[in-house]
Amino acid sequence: MRSYLHSALKRQTPVALRIFAVFLLLVGTGLPSATAAPALWRMADSDTEVYIFGTLHVLSTETNWLTTETKAAFDGADGLIVELDGDQISRAGPLFTEAGRLPDSQSLRSLVGNGVYNDVERLCRKLNVPTGTFEKTRPWFAGMSLAVIGLVKAGYDPASGADKYFIAQAETANKPIYGLEVAEQQVALFSTLSLAQEKALLVDTLRQNAELDVYYAQMQGAWLYGNTEMLDQIINDSLSLAPGLEEHLLTNRNRDWAAKLAQVLDRPGRYFMAVGAGHLVGENSVIDLLQKNGAVITRVQ
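Oh and the sequence shown: position 156 is 151 in my numbering, straight run, nothing missing.
And the structure:
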């Protein structure tokens, strides 16, 4: 689903949260609810039409985000394009858990050091998670889990993501669902991180946890009101936390998805695409790459 209001941006959104939000998960805007309208684009040629909608995978439970325009675009589509289809989402959980487990010869403490591990334990106590929970997990898995637990305790619902809504609606209406990736690909994004990248993500989660709910509320507000410039800053800026992270977790996938979406134009019909908002905003986003390759894309909401 970018700079959480200008002054807040100086402190930066937790990079780990911005990255995990691309995979996983209203307040603070001061705007009337009638203006709420997450960004929606239309790509078309002579016989194909694709609506492209950026989602957040985790939302607060009371968020009202579905507009008449978005619903009409989805209802009129012949098929739904998502990151993972329903079956792959079901498979992803166990695969992530397995990939996040350390071999018997290693421990989280041995990988990240006493100081970072003690901070993990302190955060566990704060979140009412049993100490030792992450002793045998990889740093990226501990960081992802702690970020999600923190959001849940702040009132966010992992089952409420916009992409999950569209998948459920498509299944009910018997619309074909096309996944851009499979579960193994998403798991491999994390299992192939270097130890330095993993540790950086975990440390950033620990450092920013005190204001996790505030940061995410600002990101959700930017998304809800279609402020793509701010959303770009929040989600994608400062992915220089560790060398190679942006290319590995975002840009390479954007290139792959843009190529696949360009091929959709060879198939006559109407489609609705719902993927993480971070992939659709900023330079080298899916939208940017498609436009650079000559696709005609118009923002309609």
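Just so you know, even glycine gets a beta-carbon here, dropped at the ideal spot from N, CA and C. Please read all numbers here as calculations on a predicted model, not as lab measurements.
Check: Just verifying my parser: in three-state terms, what is the DSSP assignment at residue 277?; Outcome: coil
Check: Please list the segments of the alpha helix (DSSP H) lying wholly inside the region 126 to 205, counting only runs of 4 or more residues, in order along the chain.; Outcome: 134 to 148, 157 to 167, 178 to 186, 190 to 203
Check: Kindly provide the ranges of any alpha helix (DSSP H) runs that are 4 or more residues long and lie completely inside the region 224 to 293, ordered along the chain.; Outcome: 247 to 259, 281 to 287
Check: Mind checking residue 63: buried by the 16 CB within 10 Å criterion, or exposed?; Outcome: exposed
Check: Starting from the C-beta of residue 103, find all residues in its chain whose C-beta is less than 8 angstroms away, skip the five residues before and the five after it, and write them out in chain order.; Outcome: 97, 112, 115, 129, 130, 131, 132, 133, 134, 137
Check: Note down the Cα distance separating residue 41 from residue 195, rounded to an integer number of angstroms.; Outcome: 47 angstroms
Check: Check whether the Cβ atoms of residue 50 and residue 253 lie closer than 7 angstroms to each other.; Outcome: no
Check: When the Cα atoms are used, what is the spatial distance from residue 278 to residue 228?; Outcome: 11 angstroms
Check: Are the region 52 to 62 and the region 80 to 90 touching, with three or more C-beta to C-beta distances below 8 angstroms?; Outcome: no
Check: Hey, could you find the ends of the alpha helix (DSSP H) residue 117 is sitting in?; Outcome: 109 to 121
Check: Measure the beta-carbon distance from residue 299 to residue 148 and round it to whole angstroms, keeping in mind my assumption that it falls under 8 angstroms.; Outcome: Nothing in the structure corresponds to residue 299, since the chain is present only between -4 and 296.
Check: Please name the residue in 38, 166, 258 whose C-alpha comes closest to that of residue 291.; Outcome: 38
Check: When the Cα atoms are used, what is the spatial distance from residue 260 to residue 146?; Outcome: 38 angstroms
Check: Buried or exposed: which applies to residue 217, given that a residue is buried once 16 or more other Cβ atoms fall within 10 Å of its Cβ?; Outcome: buried
Check: Under the DSSP definition of a beta bridge, which residues are partnered with residue 76?; Outcome: 173, 268
Check: Find the nearest neighbour of residue 293 within the set 32, 45, 161, judged by alpha-carbon distance.; Outcome: 45
Check: Report the rounded CA-to-CA distance for residue 262 versus residue 198, giving the unit in angstroms.; Outcome: 45 angstroms
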